[in-house]
């Protein structure tokens, strides 16, 4: 038997229309109140009051296109704009008798106080939804969202620029003005190259150059890489382990040029004590006794991509001949994820390739990881645990250069001395293979 709905009085019906109009909806728009307030909707029936008629729910669902889930504010705005609004009636509205005038159908009466309560609830929820839409679900203002969007767009543009920074020039110079080392930590070649957790590193290796047969040389890695041999015992820290060995820092200074060690998160210049995430062992300049006079000036906190010494030197064309860049123990991937280090490189490499020195073809950038897996004798050991990632970025390096020639940290030292035109070649650098030819340097 068909069921109908009618108002108790004409005044009640007028009140319904007025309250619905207060919501900004038409009088024949009825459906969202129950859904927004979380109350269960009761089907009114096939023969409804003309002012409350709506399509059957099944028909609406079949016709409605499937949409992805939205936030509350979006759902509220969408539903309030629909052409059908069904008012919800509580179970307590069930009639006690049937009406003859309605053909025996149940006789429902609208309680005005309940209707007002329902509409007020919808209005309050709508206000909250609109507030959420204005402020963002995470409390972020529209101004902050726009600023973040601009920053992300700028970052994306700079990343794209970094990936087009190689192969732009031919005829490399005999000597470069600047060589920059960025020293990452503790990843094998196979852990990084091809990993989905290193999208920027892999994109950069494809856009510039990568050494696929590059080995680490044993501990302490940074000392071996800068001096060419094990000048101090592994695990020993200054001042107990100062050494009089000659280093790449020393030969640069002897040649009348300058060096810098840019140490991320270091509390102050030439800091010789642990201050996590800064690690003394990752600051090799501290170990060399002949650098003590220059250390307070040239061994400096790195700063950030927004301000600090390294950024200033890049932007103001003040890079020294040799730069040793050491991310802190999180951003170098030692204590944190590979993705963390990848994001760090994504933020810094564009700064380097945008510098005046790089743009005029006078800077070469090397990104290397210090150690790989558990292995020993890596200079001659073919174990893949000995292999670490080494990326070469320069205007003269042909795009997508992938070298399988045997290199090591000593090769990096030799190549750096050659590029800067300084010497003599130190320790293992004398016997190592230069990387200049393989990477167009």
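Numbering (this note's numbering), first residue to last: 156 to 596. Cβ coordinates follow ideal geometry from the N, Cα and C atoms, glycine included.
- Nearest to residue 424 by C-alpha distance, out of 379, 448, 594, is 448.
- The Cβ atoms of residue 442 and residue 393 sit closer than 8 Å to each other.
- Judged by pairs of C-beta atoms under 8 Å, the stretch 407-414 does not touch the stretch 361-372, as fewer than three such pairs exist.
- For residue 415, no alpha helix (DSSP H) segment is defined; the enclosing uninterrupted segment is the beta strand (DSSP E) at 414-418.
- Within the stretch 300-362, the runs of beta strand (DSSP E) that reach at least 3 residues and sit entirely inside it are, in chain order, 333-339.
- With respect to the C-alpha of residue 580, the residue from 519, 566, 480 having the closest C-alpha is 566.
- Contact between residue 320 and residue 550 holds: CB atoms are separated by about 7 Å, below the 8 Å threshold.
- The criterion of a C-beta distance shorter than 8 Å is not satisfied by residue 336 and residue 525.
- The beta carbons of residue 573 and residue 591 sit closer together than 8 Å.
- For residue 558, the enclosing beta strand (DSSP E) starts and ends at 556-558.
- Going by beta carbons, residue 571 and residue 403 fall inside the 8 Å limit.
- Around the beta-carbon of residue 470, fewer than 16 other beta-carbon atoms lie within 10 Å, marking it exposed.
- From the listed residues 578, 522, 529, 569, the smallest Cα separation to residue 479 is found for 522.
- Beta-carbon to beta-carbon, residue 583 and residue 371 are separated by about 12 Å, too far to satisfy the 8 Å threshold.
- DSSP lists no bridge partner for residue 404.
- In the structure shown, residue 456 adopts extended strand secondary structure according to DSSP, grouped into three states.
- Beta-bridge annotation (DSSP): residue 443 is paired with 398.
- Its chain contains 432, 491, 495 as the residues whose beta carbon lies nearer than 7 Å to that of residue 485, once the 5 sequence neighbours on both sides are disregarded; these appear in chain order.
- In the three-state scheme derived from DSSP, where H, G and I count as helix and E and B as strand, residue 409 is classed as helix.
- No Cβ-Cβ contact shorter than 8 Å links residue 434 with residue 428.
- With respect to residue 532, residue 542 sits apart: the two C-beta atoms are not nearer than 8 Å.
- Residue 458 places its beta carbon 8 Å or farther from that of residue 446.
- Assignment of residue 581 by DSSP, reduced to helix, strand and coil, places it in the coil class.
- Between residue 530 and residue 444, the alpha-carbon positions lie close to 31 Å from each other.
- With a 10 Å radius around the Cβ and a threshold of 16 neighbouring Cβ atoms, residue 395 comes out exposed.
- When rounded, the separation of the alpha-carbon atoms in residue 483 and residue 568 is 22 Å.
- C-alpha of residue 545 to C-alpha of residue 512: approximately 22 Å in a straight line.
- Per DSSP, the continuous alpha helix (DSSP H) segment holding residue 504 begins and ends at 493-508.
- Put simply, of 331, 298, 316 the residue whose alpha carbon is nearest the alpha carbon of residue 520 is 331.
- Under DSSP, residue 530 forms no beta bridge with any residue.
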